[in-house]
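Chains as they are written, first to last, in the numbering used here: chain A, 309 to 525; chain B, 309 to 525; chain C, 309 to 525.
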Amino acid sequence: MSTTPLLSWLLIAVEASATLAFALSGLLEGARKRLDAVGVCVVAGLAAFGGGTLRDVLLDRRPFVWVAHSEWLWALLALCIAAMAFLRARHFAPTERAMQWPDALGLGLFSASGTQLALAQGLPGIVAVLMGVVTATFGGVLRDIVCNEIPTALRDHRPYAVCAFAGGWVFVAAAHVGLPQGWALLLAAGTATGLRVLALATGYTLPRWLSQPPPPQ
Amino acid sequence: MSTTPLLSWLLIAVEASATLAFALSGLLEGARKRLDAVGVCVVAGLAAFGGGTLRDVLLDRRPFVWVAHSEWLWALLALCIAAMAFLRARHFAPTERAMQWPDALGLGLFSASGTQLALAQGLPGIVAVLMGVVTATFGGVLRDIVCNEIPTALRDHRPYAVCAFAGGWVFVAAAHVGLPQGWALLLAAGTATGLRVLALATGYTLPRWLSQPPPPQ
Amino acid sequence: MSTTPLLSWLLIAVEASATLAFALSGLLEGARKRLDAVGVCVVAGLAAFGGGTLRDVLLDRRPFVWVAHSEWLWALLALCIAAMAFLRARHFAPTERAMQWPDALGLGLFSASGTQLALAQGLPGIVAVLMGVVTATFGGVLRDIVCNEIPTALRDHRPYAVCAFAGGWVFVAAAHVGLPQGWALLLAAGTATGLRVLALATGYTLPRWLSQPPPPQ
């Protein structure tokens, strides 16, 4: 990849802080559902690595990131133990708000890098973009399914997956016109993150279904 | 495959209308659960392609149908947008009833073709039939899991998966006696679809557990 | 594997009784949720083979155990039919208690053998142990997800997955010091099973989150 060392370090820093934000979202959800210590670790792990793992299963890529860099698993375990020791219930809401920003960074980075990996396999644009969206969002979807909730990403009405979708298309377009990979990645991730931040800042919500559906059964 | 062009076209027409019926079932379920636009598309996509994708992951087949024919993804997106614009809540129930027939066609076709793909890999009959059942039913199962419901296919008491099971065995038997693939497919799909239509028409339900289980926790 | 024929037979007996215990747990859960006959079979199958299948998907191993030994599927089907005919609701609780012991055996055996399979692929210790835990516990997790419950393994507070985790590390250590595979397997499985039995006998529970989380939404 034609990235400078600086860009390379920046990417690693973004990836680490985003994965941390994803893991913390799982940890808080697990704690809120009163799971035991094992459950909290599992849900944190699903939130952090579930999206990338599902993408790799669908793309038939091995090894998974947590296999190739198993130190991530140790970091996750340490995070969970530290959180269980130090994180108090009254810190939950502030932690969640503080996590919105690294989470938006992760949304951008993972959608761009997921799209890049799929494009590199010669897949069509729409499939590649979808793989980016899966990478960025399915960790949270799996977290919510295991916690017996309808996934937030599917019912929140605040744009999340659509930002990843837009970022993915920016990457496809940038790759199509021959932009160097590093710049394409930066541009795509910046678009997705920027749209997400904009949506959070303005309180924009997705259009609703035109008619009122009957109440849930 | 020794199919005539006519049979080939018929199969494509059945597959398209069945996939449409599966996608619509996801769309209606997503709308009923008041998911946002993204959620409705995701659930429609899971219902339409989840079964075939899970089968292909289990059989280690690539590419998935929605990767090889990515125009299906565009069609799904267009369907969701059209439905959100035009489908009114008062049309939900009639749409669901109208969808029972293409859904039964899909049940037959997907169970037969899933069985065929697994048999072609040299798998034992029971495994091949199971793959057919997975293809035909797991899209709906994933749709219901994401919507936080116990899957309809597992608790409905009206025969659904068992029709696919029967159809799969017809395919195995037909292949065993050396029937041409096209005819075996037609016979197996017809059996599964026919049984499902018969069950719907007569209101037949599966036998219940002999004793009354304690109420759900 | 340097196992004597006796040890080999013992392993098969343990595996069969553990798989039976896992299948019965799914069967009881399905019956309690008033699933139909198909649902009961599916949930029993997920509980019995889900963990090993997920491990094999993650490790990219084929064929699955239920593909290579498809007679297990017939046995499962026979078990479900027999249970539906003979198992009465008033037998549910005793059956569950009786199943705790083969279940503990399965926890030990599957965590040890899952760790062994992953180590044999040259994976790092922590990943191999995790694969052992997945093998031993994810059947139950999938069973509960399909039944629309938060998985017992994640919220029970009684040690289950941690016993598998400990057993996996015993296998890694035993393999590291060059113990024969058969003995390493026995030692690791014995550790996990022993810890589980000890936890059940003493009523030990995992430490709770230090602070009271807010109630579930």
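C-beta: ideal position from N, C-alpha, C; glycine also.
Judged by DSSP in its simplified three-state form, Gly334/A adopts helix.
For Leu366/A, a Cβ of chain B is located within less than 9 Å of the residue's own Cβ.
Ala355/B and Leu494/C have their C-alpha atoms spaced approximately 44 Å apart.
Looking at the backbone, the Cα of Ala412/C and that of Arg363/C are separated by about 19 Å. In this model, Val437/A and Ile389/B are separated by some 18 Å (Cα to Cα). Counting only the Cα atoms, Thr513/C lies some 27 Å from Gly360/C.
Between the stretch 499–512 of chain A and the stretch 465–477 of chain A, the count of C-beta pairs closer than 8 Å reaches three or more; the two stretches touch. In the structure shown, His484/A adopts helical secondary structure according to DSSP, grouped into three states. Note that the C-beta distance between Thr423/C and Ala326/C is not below 9 Å.
Taking 9 Å as the Cβ-Cβ cut-off, the stretch 461–491 of chain C approaches chain A at Ala461, Leu462, Arg463, Asp464, His465, Arg466, Pro467, Tyr468, Ala469, Val470, Phe473, given in chain order. Here Thr510/A is exposed: its Cβ has fewer than 16 other Cβ atoms, across all protein chains shown, within 10 Å. Contact annotation: Thr443/A and Leu336/A have beta-carbon atoms that are not nearer than 9 Å. A check of alpha carbon separations from His377/B across Trp409/A, Cys455/A, Leu431/A identifies Leu431/A as the nearest. Counting only Cβ-Cβ distances below 9 Å, Glu457/C has contacts in chain A at Asn456, in chain order.
DSSP places Leu314/B in the helix class (H, G or I) of the three-state scheme. Between the stretch 442–461 of chain B and the stretch 450–465 of chain C, the count of Cβ pairs shorter than 8 Å is three or higher; the stretches touch. Only residues of its own chain outside the window of five on either side were considered, and among them Trp374 have a CB closer than 6 Å to the CB of Phe357/B, listed in chain order. One thing to note: Ala428/A has its Cβ no nearer than 9 Å to the Cβ of Val435/A.
At least one C-beta of chain B is nearer than 9 Å to the C-beta of Ala345/C. Rounded to whole angstroms, the gap between the alpha carbons of His399/A and Thr460/C is 27 Å. Along the stretch 411–436 of chain A, the positions whose C-beta sits under 7 Å from a C-beta of chain B are Leu431, Pro432, Ile434, Val435, read in chain order.
Residues of the stretch 502–516 of chain A with a C-beta less than 7 Å from any C-beta of chain B: Leu514, Pro515, listed in chain order. Pairing Val322/A with Gly414/A gives a Cβ-Cβ distance under 9 Å. Here the alpha carbon of Trp317/B sits roughly 54 Å from the alpha carbon of Tyr468/C. Around Ser378/A, the beta-carbon contacts reaching into chain C at under 7 Å are Pro432, Ile434, Val435.
Interface with chain A (9 Å Cβ-Cβ cutoff): Ile389/C is excluded. For Ala352/A, the uninterrupted alpha helix (DSSP H) segment begins and ends at 345–367. Under the three-state reduction of DSSP output, Cys455/C falls in the coil class, being neither helix nor strand. The three-state reading of DSSP puts Leu431/C in coil, since its state is none of H, G, I, E or B. Taking a 10 Å sphere around the C-beta of Arg396/C, we find fewer than 16 other C-beta atoms and assign the residue as exposed.
In the DSSP assignment, Arg463/A falls within the unbroken alpha helix (DSSP H) covering 460–463.
The criterion of a C-beta distance shorter than 9 Å is not satisfied by Gly338/B and Leu381/B. If you look at Ala507/C, you'll find it in the alpha helix (DSSP H) that goes 489–510.
If the five residues before and after Gly498/C are omitted, its C-beta is found closer than 7 Å to the C-beta atoms of Gly416, all from its own chain and listed in chain order. Rounded to whole angstroms, the gap between the alpha carbons of Pro515/B and Ala507/C is 40 Å.
The beta-carbon separation of Asp344/C and Arg463/B, rounded to 6 Å, stays under the 8 Å limit for a contact.
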